[in-house]
Every structure is written in structure tokens, then in C-alpha cells.
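Q: Going down the list, the protein sequences come from chains X and B. The working numbering numbers the first residue of the first sequence as 39 and each following residue consecutively. The working numbering numbers the first residue of the second sequence as 39 and each following residue consecutively. Even glycine gets a Cβ: it sits at the ideal position worked out from N, Cα and C. One structure coming up, written as C-alpha cells, with questions to follow.
Protein chains: 2
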Amino acid sequence: MTESRAVGTKGMPREEREAQLVVAGTEEFGRAGYAGASMVEIARRVGVTKPLLYQYFGSKDGLYLACLHRAGDRLTEGVATTMAGGGEPEQMPLKVLSAIFTTFDHDRYAWRLLRDETVPGSGDIAAAAADYRRRLDAFALLGATQLMTSRGLADPVDIEAIAQVWTGVVDSLISWWIDRPDEDAVAMSARCARIMEGLFGW
Amino acid sequence: MTESRAVGTKGMPREEREAQLVVAGTEEFGRAGYAGASMVEIARRVGVTKPLLYQYFGSKDGLYLACLHRAGDRLTEGVATTMAGGGEPEQMPLKVLSAIFTTFDHDRYAWRLLRDETVPGSGDIAAAAADYRRRLDAFALLGATQLMTSRGLADPVDIEAIAQVWTGVVDSLISWWIDRPDEDAVAMSARCARIMEGLFGW
DNA sequence: CTACGGTAACTTACCCGCGGGTCACTTTAC
DNA sequence: GTAAAGTGACCCGCGGGTAAGTTACCGTAG
Chain X
39 MTESRAVGTK GMPREEREAQ LVVAGTEEFG RAGYAGASMV EIARRVGVTK PLLYQYFGSK
99 DGLYLACLHR AGDRLTEGVA TTMAGGGEPE QMPLKVLSAI FTTFDHDRYA WRLLRDETVP
159 GSGDIAAAAA DYRRRLDAFA LLGATQLMTS RGLADPVDIE AIAQVWTGVV DSLISWWIDR
219 PDEDAVAMSA RCARIMEGLF GW
Chain B
39 MTESRAVGTK GMPREEREAQ LVVAGTEEFG RAGYAGASMV EIARRVGVTK PLLYQYFGSK
99 DGLYLACLHR AGDRLTEGVA TTMAGGGEPE QMPLKVLSAI FTTFDHDRYA WRLLRDETVP
159 GSGDIAAAAA DYRRRLDAFA LLGATQLMTS RGLADPVDIE AIAQVWTGVV DSLISWWIDR
219 PDEDAVAMSA RCARIMEGLF GW
């Protein structure tokens with residue numbers, strides 16, 4: 039294992055090719071959803087054929103899981119760091135948005151993997167995605183609770199609803215952002231800040 | 039044609055069966071998306087087989103279009119009526135939400151047909167759905183413009199973003215509502231009113 | 001320096017199940 | 001007996017998945 043560098047091989051080292059395939063897979067899964075994405079298309083994007091993809095990832099689920107873990111780990115880590123920073127409840131949404139935009143500026147489809155509704159209802163993917171969603175929902179719930187209690191409201195079902203709407207807002211903003219590739223993370227954060235200030239005075 | 043009532047037939051009159059199939063199709067398409075829904079499953083829900091479905095609607099696209107038109111017409115009509123009523127810009131979101139909840143209390147999946155991303159990129163369905171979305175987006179844009187100008191903000195791109203986020207909010211609320219069948223339209227409207235009052239003072 | 005063998009990267013050609021779509025046929029009420 | 005309601009059994013393309021073979025690079029023997 040030590041120094042296993044480029045022993046008898048053609049093309050590109052596996053590690054590098056796998057990374058390419060995960061990037062292409064993330065875009066394709068994000069665009070078309072798990073069910074709608076085609077393995078041959080993902081391979082084609084990288085200039086490779088399907089069997090190589092299967093040799094490296096085993097199955098469609100295997101590739102999806104690789105993409106999902108990369109996206110989910112980065113996302114939960116970024117949000118956790120931001121939330122840990124603390125601050126006024128009204129400021130958290132904007133801070134979290136900025137963190138997301140910055141982290142995924144060049145990988146905008148990644149967010150969608152966690153919210154993909156076309157994945158099979160049971161199995162490894164469903165479990166992993168549910169786990170990431172659970173962690174993110176916990177942050178959303180925490181933020182919503184802080185916001186509501188700071189205003190003297192505490193109906194737990196209302197708070198659940200707000201948390202779910204919040205994830206929907208992030209979803210919408212990212213979809214909007216995907217359609218405008220020229221808008222970078224900084225501009226996007228500034229836009230959101232302007233809007234929140236204007237609409238809610240936050 | 040006059041008095042064409044039940045001439046030599048078994049089972050159920052076509053009109054009635056078609057209505058059943060449209061209802062079942064709306065639920066199934068709303069749940070699984072155009073691509074994920076299965077024609078045989080939709081037929082099975084009604085206690086009928088696939089060939090009858092094809093005899094009545096011609097194709098998957100034909101059935102989807104029937105479902106889409108029913109949902110789209112009711113939705114645009116309801117929103118148009120509400121918007122025409124006028125009122126304070128801060129009150130419009132809640133009014134529109136109430137109208138949607140009331141109209142679709144027993145048909146909660148209908149909204150999703152207009153926002154289904156798994157429909158083919160071109161063809162009759164894409165055109166019809168795009169048309170309904172265009173009409174609804176125009177209302178959203180109008181509402182967002184009124185809201186923003188009442189606060190002295192006028193960046194047209196910001197307004198576009200707000201309009202898209204608004205549709206995402208409706209989406210989230212309806213998804214949340216679908217998961218809570220016991221919550222009726224009145225309770226749902228009350229919840230939204232409470233939240234908007236609490237969070238934004240609207 | 002060249003011939004050679006080994007291994008990893010990569011491909012061609014195939015299998016198979018699932019779901020859209022169709023045909024010929026049967027059942028039931030008037 | 002006629003016509004609409006309804007069905008069983010089939011075709012076919014598409015996409016996930018696989019078996020077997022080929023290509024290119026490297027290290028080493030002569």
C-alpha cells in the first residue's frame with residue numbers, strides 16, 4: 039500500500055476518475071433526480087463508458103451514495119459551524135444562507151440530492167438522505183424556535199411548519215440561483231440581505 | 039347526442055369513470071411525479087385495467103393533461119379572483135393561501151402538477167404547464183412588486199427572486215399539509231395567519 | 001535499449017425487467 | 001343483437017447491470 043503510485047496503468051488514476059464521476063453524477067442527479075438520471079449519460083459526461091462507472095461504484099445506488107455523502111457532509115458541517123457561531127435569531131437565516139452559497143458556489147446542484155423525492159422509499163439511500171435531512175431539520179427547528187420564542191410564540195406545530203417552509207425557501211433560492219450562473223455567492227448573499235431588510239426589517 | 043343516456047352498456051358510464059381516473063391520476067402524478075407514476079397503478083386504484091385508461095385518454099400524456107387542466111384552471115381562477123379583490127399588499131399572501139387551501143382541501147396533490155419537474159422538457163405537457171406557471175408567476179410578480187414598492191424597493195431582479203421564493207413557500211406549505219390530513223383548510227389558514235403576524239407583524 | 005509480462009484502465013456486446021402502448025376478445029345492459 | 005364497458009396477453013424500447021475481452025503504461029530480464 040505504501041507508495042502505490044501509478045503501477046501499470048492506462049488513462050487516468052482511479053481516484054481522479056472517481057472524483058470526476060462524482061461531480062458529474064451530482065450535477066445529473068441534481069438536475070434530473072435519482073430516478074430520471076441515466077448512468078450512461080453520467081459516464082458520457084466524463085468521456086467514459088458505463089462499465090467503468092459500475093466497476094468503481096458498483097451500482098446506481100453506490101454512485102448516488104458517494105454524491106450524497108460528499109454533499110451532505112459539506113452541508114451539515116457548514117451549517118453546524120455557522121449555527122455554533124450564535125447571534126441574533128433574525129440574523130441566523132442570512133448567515134446560514136451565506137454559508138450555503140459560499141460552500142456550494144461551484145456545486146449548486148448538491149443541495150438537491152438531500153431533498154430528492156425520486157429516490158427509492160427504502161434502502162441505503164433513503165436512510166442516508168433521511169439522516170442528513172434530520173440533522174439539517176434539527177438546525178432549522180432550533181432556529182425557528184429561537185425566532186418564535188423571542189416573539190413570545192411557542193406552538194410546537196407552528197414551529198415545525200416554519201422549519202419546513204424555511205427549507206423550502208432555501209430550495210427556491212438555490213433553484214433560482216442555478217438558473218443564473220453569473221450571480222456569484224457574494225452577490226447572492228447581498229441580494230438576500232437586501233430583501234430581508236426591505237421586507238421584514240431584519 | 040340529445041338524451042344519450044346509458045345506451046347498451048355495462049359497468050359505469052364513461053363520464054363518471056373518467057372523472058374517477060382523473061382524480062386517481064392527480065394523486066398519483068402528484069405523489070410520484072409524471073415520470074415516476076405508473077399507468078397500471080392509476081388504473082388499479084380505480085379498480086380497472088390499463089387498456090380502458092388508454093381507451094379513454096389515449097396516452098400517459100393525455101391523462102396527465104386532463105389532470106393538469108383541471109388543477110390549473112381551478113387554481114388560476116381562484117388566485118385571479120382573490121387578487122382582483124385588492125387590499126393591503128401585506129394581506130395578499132394570506133388571502134391567496136386561504137383561497138388555495140379552501141379550493142384544494144380535498145385535492146391537495148393538484149398543486150404539484152404545475153411544478154412537476156419530471157415532465158418531458160418539450161411537448162404539450164411542458165407547454166401547458168409552462169402556461170399555467172406563467173399566469174401564476176405573473177400574479178406572484180404583481181404581489182411582490184406591490185409589496186416592494188410600498189417599501190421603496192424596486193430592483194426588478196430582487197422582485198423576481200421574491201416571486202420565486204413565494205411559490206416555493208406555497209409548495210412547502212402544501213407538502214406539509216399533505217402530511218397532515220387532519221388539518222383542514224380553516225385550521226391551515228389560521229396557522230399561517232398566526233405565523234405571519236408573529237414573525238413579520240403582517 | 002529492447003522485449004516481455006503484468007496490471008489497471010477501459011470498451012464492446014450483451015442480458016433482463018419494467019412500464020408505456022396495443023390487439024383481439026369477452027361481458028353486460030338495453 | 002348491438003354497442004359500450006371492460007379484460008388478458010402480448011410487443012417493444014429504455015435503462016440498470018454484467019461478462020469477457022482489449023489497450024496502454026510500467027517495471028524488469030536479457
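1. Using the rule of at least 16 other Cβ atoms within 10 Å of the residue's Cβ for burial, across every protein chain shown, is D154(X) buried or exposed?
2. M234(B) CB to nearest chain X CB: under 8 Å?
3. At what residue ranges does the stretch 172-227 of chain B contain a whole run of the alpha helix (DSSP H), taking only runs of 4 or more?
4. Terminal residues of the continuous alpha helix (DSSP H) containing E120(X)?
5. With 16 other CB atoms within 10 Å as the buried threshold, where does P194(X) fall?
6. Please state whether the Cβ-Cβ distance between A201(B) and A178(B) is less than 8 Å.
7. Need the endpoints of the alpha helix (DSSP H) that S136(B) sits in, please.
8. Using only the alpha-carbon positions, how far apart do E65(B) and L91(B) sit?
9. For V203(B), which residues in chain X fall below 8 Å Cβ to Cβ?
10. Can you tell me whether P131(B) is buried or exposed, with buried defined as 16 or more other CB within 10 angstroms of its CB?
11. Kindly list, in the order they appear in chain X, the residues whose Cβ is closer than 7 Å to that of D196(B).
12. Measure the CB-CB distance between L103(B) and A148(B) and report whether it falls below 8 Å.
13. What number of angstroms, rounded off, separates the C-alpha of T141(B) from the C-alpha of E221(B)?
14. Give me the chain B residues within the contact set of R189(X), using Cβ-Cβ distance strictly less than 8 Å, ordered along the chain.
15. On a CA-only basis, which of A182(B), H144(B) and P127(B) is nearest V224(B)? Give me that one, please.
16. Output, in chain order, the set of chain B residues within a Cβ distance shorter than 8 Å of T87(X).
17. Quick check on DSSP: helix, strand or coil for G125(X)?
18. Could you work out which residue in W215(B), A199(B) and G181(B) is closest to G125(B) when comparing CA atoms only?
19. Whole angstroms are fine: how far does the CA of W240(B) sit from the CA of M234(B)?
20. Do we get a CB-CB distance below 8 Å when we pair L151(B) with the residues of chain X?
21. Using 8 Å as the limit for Cβ to Cβ distance, is G159(X) near chain B?
22. Helix, strand or coil, according to DSSP, for V78(B) in the structure here?
23. Can at least three beta-carbon pairs, one atom from the stretch 110-121 of chain B and one from the stretch 61-80 of chain B, be found at a separation below 8 Å?
24. With 16 other CB atoms within 10 Å as the buried threshold, where does A168(B) fall?
25. Exposed or buried, T47(B), counting other C-beta atoms within 10 Å across all chains shown (16 or more means buried)?
26. Give the interface partners of T156(X) over in chain B, defined as CB-CB distance under 9 Å, in chain order.
A: Answer, in terms of the structure:
1. Numbered from its first residue, the first sequence carries residue 154(X) at position 116. With 16 or more Cβ atoms within 10 Å of its Cβ, D154(X) is classed as buried.
2. Walking along the second sequence from the start, residue 234(B) turns up at place 196. Output row for M234(B): interface = no.
3. 194-216
4. On the first sequence, position 82 is the one that residue 120(X) refers to. Note that residue 120(X) is Thr in the sequence shown, not Glu. It spans K98 to A122 - the alpha helix (DSSP H) in which T120(X) sits, taken as one unbroken run.
5. On the first sequence, residue 194(X) is found 156 positions in, with the first residue counted as 1. By the neighbour-count rule (16 or more Cβ atoms within 10 Å), P194(X) is not buried but exposed.
6. In the second sequence, counting from the first residue as 1, residue 201(B) sits at position 163. In the second sequence, counting from the first residue as 1, residue 178(B) sits at position 140. Yes, Cβ-Cβ distance for A201(B) and A178(B) is below 8 Å.
7. Taking the second sequence and counting its residues from 1, the one referred to as residue 136(B) is at position 98. That run of the alpha helix (DSSP H) goes M130 to T141.
8. Residue 65(B) sits at position 27 when you count from the first residue of the second sequence. Residue 91(B) sits at position 53 when you count from the first residue of the second sequence. For E65(B) and L91(B), the distance between alpha carbons rounds to 16 Å.
9. The count along the second sequence starts at 1 and reaches residue 203(B) at position 165. Near V203(B) (Cβ distances below 8 Å), the residues of chain X are V207, S210, L211 and W214.
10. Position 93 of the second sequence holds residue 131(B). Buried: at least 16 other Cβ atoms inside 10 Å.
11. By 1-based counting over the second sequence, the position of residue 196(B) is 158. Simply R229, R232 and I233.
12. The count along the second sequence starts at 1 and reaches residue 103(B) at position 65. The count along the second sequence starts at 1 and reaches residue 148(B) at position 110. Cβ distance not < 8 Å, so L103(B) and A148(B) don't count as in contact.
13. Walking along the second sequence from the start, residue 141(B) turns up at place 103. Walking along the second sequence from the start, residue 221(B) turns up at place 183. The straight-line gap from Cα to Cα measures roughly 14 Å.
14. Counting from one through the first sequence, the residue named residue 189(X) turns up at place 151. The contacting residues are G236 and L237.
15. Residue numbering aside, residue 224(B) sits at position 186 when the second sequence is read from its first letter. Nearest C-alpha to V224(B): H144(B).
16. The count along the first sequence starts at 1 and reaches residue 87(X) at position 49. Per Cβ cutoff of 8 Å: no residues; T87(X) is ~25 Å from chain B at best.
17. Residue numbering aside, residue 125(X) sits at position 87 when the first sequence is read from its first letter. Coil, per DSSP.
18. For the purposes of this step, residue 125(B) is taken as residue 87 along the second sequence, with counting starting at 1. When only C-alpha atoms are compared, the closest one is G181(B).
19. Taking the second sequence and counting its residues from 1, the one referred to as residue 234(B) is at position 196. Taking the second sequence and counting its residues from 1, the one referred to as residue 240(B) is at position 202. Rounded to the nearest angstrom, the two C-alpha atoms are 6 Å apart.
20. Walking along the second sequence from the start, residue 151(B) turns up at place 113. Not closer than 8 Å to any Cβ of chain X, the Cβ of L151(B) fails to qualify, so no.
21. As a first step, residue 159(X) is located in the first sequence; it is residue number 121 there, counting from the start. With 8 Å as the cut-off, G159(X) does not count as an interface residue toward chain B.
22. If you number the second sequence from 1, residue 78(B) lands on position 40. Residue state, collapsed to three classes: helix.
23. no
24. Here residue 168(B) corresponds to residue number 130 of the second sequence, with the count starting at 1. Looking at its Cβ environment, which holds fewer than 16 other Cβ atoms inside 10 Å, A168(B) is exposed.
25. Here the question's residue 47(B) lines up with position 9 in the second sequence. The residue is exposed, with fewer than 16 neighbouring Cβ atoms inside 10 Å.
26. Mapped onto the first sequence, residue 156(X) falls at position 118. Per Cβ cutoff of 9 Å: A70, G71, A73, G74 and T156.
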